[in-house]
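Down below is the structure, laid out as structure tokens.
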Amino acid sequence: MPLFLPHFNLQKLNTLAVPAVADYFVAVHNDDELREALAFTRTENCPLLLLGGGSNIVLRDDFPGVVIQLKSQGKEVVAETDDHVWLKVAAGENWHQLVQYTLNNALYGLENLSLIPGSVGAAPIQNIGAYGVEVKELITELSAFEIRSGIVVNFTNESCRFGYRDSIFKQSLKDQYVITSVTFRLNKTAHVNLSYPALRDALRDIETVTPQAVSDAVIAIRQSKLPDPAIIPNVGSFFKNPIISSEQLHVLRANFPDIVSYPVDSHRVKLAAGWLIDRAGWRGKAAAGAQVHAQQALVLTNPAKASGATVLALAEYIQQSVAEQFGVVLEMEPRIYP
Ligand SMILES: Cc1cc2nc3c(=O)[nH]c(=O)nc-3n(C[C@H](O)[C@H](O)[C@H](O)COP(=O)(O)OP(=O)(O)OC[C@H]3O[C@@H](n4cnc5c(N)ncnc54)[C@H](O)[C@@H]3O)c2cc1C
1 MPLFLPHFNL QKLNTLAVPA VADYFVAVHN DDELREALAF TRTENCPLLL LGGGSNIVLR
61 DDFPGVVIQL KSQGKEVVAE TDDHVWLKVA AGENWHQLVQ YTLNNALYGL ENLSLIPGSV
121 GAAPIQNIGA YGVEVKELIT ELSAFEIRSG IVVNFTNESC RFGYRDSIFK QSLKDQYVIT
181 SVTFRLNKTA HVNLSYPALR DALRDIETVT PQAVSDAVIA IRQSKLPDPA IIPNVGSFFK
241 NPIISSEQLH VLRANFPDIV SYPVDSHRVK LAAGWLIDRA GWRGKAAAGA QVHAQQALVL
301 TNPAKASGAT VLALAEYIQQ SVAEQFGVVL EMEPRIYP
């Protein structure tokens, strides 16, 4: 039986450094320990929070239940052709270390997703994405335990219903499965993706751009723009970029000619949430210890290590003010507990 620690402070296990206490905390290192921990929470009928790296959650308050942190490790080549390798990776592996491992082993595709904090098991939950790539493009399948029954289920890429920062695990199957491993189809030959303008610009002087050069450039851009959570607590982007109709953009553009948008399809566009927050006057503003990051208004920071409720109060002020000024609803990206 894995060790259950009572009255456990989660401050060091969430990148927003919120001081919240869980009734019980247990780290699991393999499927058997996970099965036992889930069986305990079932018999005690207590709320459950699955934790990876804690880089996409906000703890509004103490957690009245069991927090299970996935620490399982392991990578296995499960299939190979002349062009591709299928790599099955345990949920508890660190995401950025996986990206580096693939590059060191001449396996390509993940390089644009370098330096995203967190675990492999959480990557499919919100279909992590950055610099022109979403992880759904590389995932072929994943394994998960159904929390209620403990049954192991394999999900194909299609059945994960991936969308922009979204998957079935945030929708109809929310809080119902623990992802235990993810299988990626990686390329043996390099096909770099330079569709993201800032990345293309950063690499414009290099004649032959390798996946390693892409990874290095992504790391450099991220380090220049985003606060390091180890120094200034944060959870990355606090809001999703809102998707609106082209007609709504047309109306907004009449008042705000420089509004930043990206096409989604023939009738929808994505607005830059950071631009909306900035234009609403929030960049650099602070409220009771939480702050809007001065270099990137989409990021809320928690330099004073204030409570989750404090950070959420600031987020709600921002939502209200953006709705009033632009008529646009900002949706929070991190999951909020309890
Ligand atoms: C500085 C910074 C930059 C970031 N940049 C990006 C970015 O560019 N793109 C992007 O998409 N995200 C970004 N993020 C957000 C975050 O890194 C990702 O969402 C990451 O995948 C979260 O992983 P985690 O292990 O920390 O998840 P956690 O925060 O521990 O958990 C997030 C959610 O997933 C659930 N979960 C975790 N593991 C499992 C599992 N094995 N099975 C089932 N459910 C699980 C949790 O219960 C929770 O609901 C950034 C965050 C920070 C702090």
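According to the numbering used here, the sequence shown holds residues 1 to 338 in order.
For every residue, glycine included, the Cβ atom is placed at its ideal position computed from N, Cα and C.
Inset, instruction - On a CA-only basis, which of Gly281, Asp258, Ser237 is nearest Arg339? Give me that one, please. - result: Outside the displayed span of the chain (1 to 338) sits residue 339, for which this structure offers no information.
Legend entry - Nearest neighbour of Leu10, chosen from Val99, Thr301, Ser246, Leu50 [CA to CA]: As a first step, residue 10 must be located in the sequence shown, where it is residue number 10. Here the closest residue by C-alpha is Leu50.
Inset, instruction - Tell me whether Asp23 sits in a helix, a strand or coil according to DSSP, three-state version. - result: Translated into the one-based positions of the sequence shown, residue 23 becomes position 23. Strand at Asp23.
Inset, instruction - Could you name the residues that DSSP lists as bridge partners for Phe326? - result: Walking along the sequence shown from the start, residue 326 turns up at place 326. DSSP lists no partner for Phe326.
Legend entry - Cα-Cα separation between Val26 and Lys12, rounded to whole angstroms: Position 26 of the sequence shown, counted from the first residue, corresponds to residue 26. Position 12 of the sequence shown, counted from the first residue, corresponds to residue 12. Approximately 14 Å, taken between the alpha carbons.
Legend entry - Limits of the beta strand (DSSP E) - the one that Asn187 falls within: Within the sequence shown, residue 187 is the residue found at index 187, counting from 1. Its beta strand (DSSP E) spans residues 177 to 187.
Legend entry - Val18 vs Gln69 beta-carbon contact at 9 Å: Counting from 1 along the sequence shown, the entry for residue 18 is found at position 18. Counting from 1 along the sequence shown, the entry for residue 69 is found at position 69. Against a cut-off of 9 Å, the Cβ pair of Gln69 and Val18 comes out as no contact.
Inset, instruction - Starting from Glu134, follow its DSSP beta bridges and name the residues at the other end. - result: The sequence position of residue 134 within the sequence shown is 134, counting from 1. DSSP output for Glu134 lists Gly129 as bridge partner(s).
Legend entry - Inter-residue spacing [alpha-carbon to alpha-carbon] between Asp166 and Met332: Locating residue 166 in the sequence shown gives position 166, where the first residue counts as 1. Locating residue 332 in the sequence shown gives position 332, where the first residue counts as 1. Taking the straight line from one Cα to the other gives about 12 Å.
Legend entry - Other residues of its chain near Leu115: CB distance less than 7 Å, five sequence neighbours each side excluded: Here residue 115 is taken as the residue at index 115 of the sequence shown, counted from 1. Answer for Leu115: His96, Val218, Ile219, Arg222, listed in chain order.
Inset, instruction - Using a threshold of 9 Å, state whether the C-beta atoms of Ile147 and Phe155 are closer than that. - result: Within the sequence shown, numbered from 1, the residue matching residue 147 stands at position 147. Within the sequence shown, numbered from 1, the residue matching residue 155 stands at position 155. No, the pair does not count as a contact, with Cβ atoms beyond the cut-off.
Inset, instruction - Helix, strand or coil for Arg335, going by three-state DSSP, please let me know. - result: Within the sequence shown, the letter at position 335 stands for residue 335. In this structure, Arg335 counts as strand in the three-state DSSP scheme.
Legend entry - Assigned exposure category for Lys71 - 16 Cβ within 10 Å defines buried: On the sequence shown, residue 71 is found 71 positions in, with the first residue counted as 1. Under this definition Lys71 is a buried residue.
Legend entry - ligand 1 heavy atom lying under 8 Å from the CB of Trp95: Taking the first residue of the sequence shown as 1, we reach residue 95 at position 95. Result yes, Cβ under 8 Å from ligand 1.
Inset, instruction - Would you give the residue range spanned by the beta strand (DSSP E) that Ser149 belongs to? - result: In the sequence shown, the residue the question calls residue 149 occupies position 149. That residue, Ser149, is in no beta strand (DSSP E); it is neither H nor E in DSSP.
Inset, instruction - Just the C-alpha distance for Gln295 and Asp201, rounded to the nearest angstrom, thanks. - result: Along the sequence shown, read from residue 1 onward, the residue named residue 295 stands at position 295. Along the sequence shown, read from residue 1 onward, the residue named residue 201 stands at position 201. Each residue's Cα considered, the two are about 19 Å apart.
Inset, instruction - Pull up the CB-CB distance for Ala213 and Ile206, whole angstroms please, since I reckon it's below 8 Å. - result: Taking the sequence shown and counting its residues from 1, the one referred to as residue 213 is at position 213. Taking the sequence shown and counting its residues from 1, the one referred to as residue 206 is at position 206. The Cβ separation is near 6 Å, so the contact holds.
Legend entry - Other residues of its chain near Pro303: CB distance less than 8 Å, five sequence neighbours each side excluded: Taking the sequence shown and counting its residues from 1, one reaches residue 303 at position 303. Counting only Cβ-Cβ distances below 8 Å, and skipping sequence neighbours, we find Ile232, Pro233, Gly289, Gln291.
Inset, instruction - Run through the stretch 26 to 93 for me and flag every whole beta strand (DSSP E) of 3 or more residues, listed as ranges in chain order. - result: 48 to 51, 57 to 59, 63 to 70, 75 to 80, 84 to 90
Inset, instruction - Look up Gln295 in the DSSP assignment and say whether it is helix, strand or coil. - result: In the sequence shown, residue 295 corresponds to position 295, counting from 1. Coil at Gln295, not helix or strand.
Legend entry - Segments assigned beta strand (DSSP E), at least 3 residues, entirely inside the stretch 224 to 305: 234 to 237, 243 to 245, 261 to 263, 268 to 271, 290 to 292, 299 to 301
Legend entry - Own chain partners of Ala297 with C-beta closer than 7 Å, once the 5 adjacent residues on each side are dropped: What you label residue 297 is simply residue 297 of the sequence shown in a count that begins at 1. Same-chain partners within the cutoff: Gly274, Ile277, Asp278, Trp282, Arg283.
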